[in-house]
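Input: a single structure, listed below in structure tokens.
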Amino acid sequence: MDVEALIAGVGELLRLPALRLNEQGVCRLAVDNDLIVDIEHDGAANVLHIYSSLGPLPAGGREAVYEALLAGNLFGAETGGGALAVDLAAKEIVLCRSLSPKGLEPSDLVAVIEAHVAAVEHWRGQVAGLSAGAGASALPPDRVDGFPQVGGIRA
Numbered sequence: 000m001d002v003e004a005l006i007a008g009v010g011e012l013l014r015l016p017a018l019r020l021n022e023q024g025v026c027r028l029a030v031d032n033d034l035i036v037d038i039e040h041d042g043a044a045n046v047l048h049i050y051s052s053l054g055p056l057p058a059g060g061r062e063a064v065y066e067a068l069l070a071g072n073l074f075g076a077e078t079g080g081g082a083l084a085v086d087l088a089a090k091e092i093v094l095c096r097s098l099s100p101k102g103l104e105p106s107d108l109v110a111v112i113e114a115h116v117a118a119v120e121h122w123r124g125q126v127a128g129l130s131a132g133a134g135a136s137a138l139p140p141d142r143v144d145g146f147p148q149v150g151g152i153r154a
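Note that the sequence shown ends on residue 154 in numbering that gives the first Met the number 0; no numbers are left out.
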């Protein structure tokens with residue numbers, strides 16, 4: 000299935016029959032008029048980029064924000080497989096992921112979009128809390144009962 004058919008199929012499943020990539024290879028989904036999900040096709044690499052803004056970089060207390068973003072990226076456990084990043088040009092925090100459209104069915108892409116939206120909603124709350132409490136660490140203590148705290152299984 001080509002990317003245009005894939006996006007059209009996603010539109011059908013989401014009851015958005017006009018969903019199509021524009022001339023730049025991008026389409027935008029608005030969720031509850033508040034959350035934007037951009038889907039961009041990189042034709043040269045045949046990759047789909049899915050991304051959303053989590054909000055602006057805070058004016059102060061960035062160390063705690065960066066710490067939380069890096070910790071959230073560990074093994075993709077808190078990002079639904081995406082990556083938390085900073086867009087310096089736009090001065091905003093972004094959740095993004097890239098995937099090959101090869102072999103994807105529209106229902107597969109809808110599931111990815113749903114997981115992305117859930118992760119964006121989670122991280123918007125995290126970022127807002129960190130921005131409000133500028134300077135406070137969002138991470139748990141590094142030791143619990145004398146053992147190092149780890150965020151996943153490590154081999």
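Where a beta carbon is used, it is the ideal one built from N, C-alpha and C, also for glycine.
**Item:** Straight-line Cα distance separating Tyr50 from Gln125
**Value:** Within the sequence shown, the letter at position 126 stands for residue 125. Within the sequence shown, the letter at position 51 stands for residue 50. Spanning the two alpha carbons is a distance of roughly 17 angstroms.
**Request:** Can you tell me which of the three DSSP states Gly128 falls into?
**Result:** Residue numbering aside, residue 128 sits at position 129 when the sequence shown is read from its first letter. Correct three-state label for Gly128: helix.
**Item:** Ile112 beta carbon less than 9 angstroms from that of Ser52
**Value:** Locating residue 52 in the sequence shown gives position 53, counting from the first residue. Locating residue 112 in the sequence shown gives position 113, counting from the first residue. No, the pair does not count as a contact, with Cβ atoms beyond the cut-off.
**Prompt:** Going by DSSP, which residues form a beta bridge with Ala84?
**Reply:** Working through the sequence shown from its first residue, we reach residue 84 at position 85. Val93.
**Test item: CB-CB of Gly8 and Ala17 under 9 angstroms** = Translated into positions along the sequence shown, residue 8 becomes position 9. Translated into positions along the sequence shown, residue 17 becomes position 18. No, the Cβ-Cβ distance between Gly8 and Ala17 is not below 9 angstroms.
**Request:** Taking Val25 and Asp33 to be in contact with their CB atoms under 8 angstroms, please state how far apart those CB atoms are, rounded to whole angstroms.
**Result:** Sequence index remark: in the sequence shown, residue 25 carries index 26 (1-based). Sequence index remark: in the sequence shown, residue 33 carries index 34 (1-based). In this structure, Val25 and Asp33 do not form a Cβ contact; the two beta carbons are roughly 19 angstroms apart against a cut-off of 8 angstroms.
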